[in-house]
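If you read the sequence shown in the UniProt record's numbering, its first letter stands for residue 1, the second for the next number, and so on. All C-beta atoms, glycine included, are put in the ideal place defined by N, C-alpha and C. To keep things clear, I will list the structure first and then write my remarks on it.
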Amino acid sequence: MTALATRQADFMASLLDDERALPPDWTARHAAGLDIYRNNYRSALVEALRATFERTERLVGDESFARAAAHHLITWPPSGWTLDLAGQGFAETCEELFANDPEVAELAWLEWSMHLAFVARDAEPLGTEQFLQQASTFGEEDWTKLRLAFMPGIALRDLRHDLKALWSSLAETGEEGEVTLLAEPATCIVWREGERPVFINVSTAEGRALSAMMSGATYGETCEELLASEGEQAVELAGSMLRRWLHEGLVERLDQ
């Protein structure tokens, strides 16, 4: 490592750690300058988190959010070139700090996933009619081996809380969040519809199926897993989930 690289690494470490000893050749003027720079640096990052996690801040309150943001920036210092990525790992930070209020981490995950979906690369979804045209000559083996390429920016997470109600209740500043448990766990799917990030809840069985196919599983392999876990309902679920993915614009193309 060059002398410049070493100096830069030391400066960054001092920026993140208030207790770190300063270089021996630094004067009081250098220390005062670092304090100003450190404050500006942290303020900019906290404001970036506020902009990304607006509803999470409304849910937990300004002071709690500020403490969580400061903790996150110390334990997860950003390493990317853009402030857009400062929120990486914030949902995990909320999971740790708000362990007794798991809806906080779920909401933070949703806001972060919608943020990433918004900046995902542009792509055109495969419409239902296009899919039917391409699949019109499929035989049984073709359906079994079918793989799908999905739209960029899709994210999945299993939830225990009704994030749709919570999201709506926190739309305006000053409103109290509506925290409601779902009757049974569900999988939340986040993606971008045109220029707008959106989300829906589906069954955890469908969530597992989507996750498997996004990871490269064939339709046949996915149907076998559904049959093992869902029994006689698997056939109906396999058809309905494929129709939903096409209707909602989750599929980019056939990946044959």
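- The beta carbon of V251 lies closer than 8 Å to those of P125, L126, F131, L148, A149, F150, M151 and W245 in the same chain, with the five residues before and after it left out.
- In the same chain as L97, and ignoring 5 residues on each side of it, the C-beta atoms closer than 7 Å to its own belong to A68 and H71, in chain order.
- According to the DSSP secondary-structure assignment, L254 is paired through a beta bridge with L148.
- The Cβ atoms of K145 and G220 sit closer than 8 Å to each other.
- Between the C-alpha atoms of E172 and G139 there is a straight-line separation of about 52 Å.
- In the displayed model, I200 falls within a strand according to three-state DSSP.
- Bounds of the beta strand (DSSP E) holding L181 are L181 to E193.
- In this model, E225 and W191 are separated by some 24 Å (Cα to Cα).
- Excluding five sequence positions before and after H247, the CB atoms of its chain that fall closer than 7 Å to its own CB belong to T128, given in chain order.
- At a Cβ-Cβ threshold of 8 Å, L107 and T75 do not count as neighbours.
- L170 carries a coil assignment under DSSP once its states are collapsed to helix, strand and coil.
- Take E95, set aside five residues on each side of it, and the residues of its chain with a beta-carbon closer than 7 Å to its own are A105, in chain order.
- For L159, the beta-bridge partners assigned by DSSP are A186.
- Collapsing the DSSP output to three states places Q88 in coil.
- Rounded to whole angstroms, V179 and Q133 show a C-alpha spacing of 44 Å.
- When C-alpha distances from L254 are compared across I200, D142, Q88 and S203, the shortest belongs to D142.
- Spatial neighbours of M214 in its own chain (CB-CB distance under 6 Å, excluding positions within 5 residues in sequence) are listed in chain order as F150.
- Around the beta-carbon of A238, 16 or more other beta-carbon atoms lie within 10 Å, marking it buried.
- At a Cβ-Cβ threshold of 8 Å, F118 and P197 count as neighbours.
- Annotated three-state conformation of R121 is coil, per DSSP.
- Our two residues, A51 and M241, have alpha carbons roughly 34 Å apart in a direct line.
- Taking the Cα positions, E103 is about 24 Å away from L45.
- The C-alpha of W167 is placed about 20 Å away from the C-alpha of A48.
- In this structure, L83 sits away from L170, with a CB-CB distance that is not shorter than 8 Å.
- Counting along the chain, no alpha helix (DSSP H) covers G177, and no H or E run does either.
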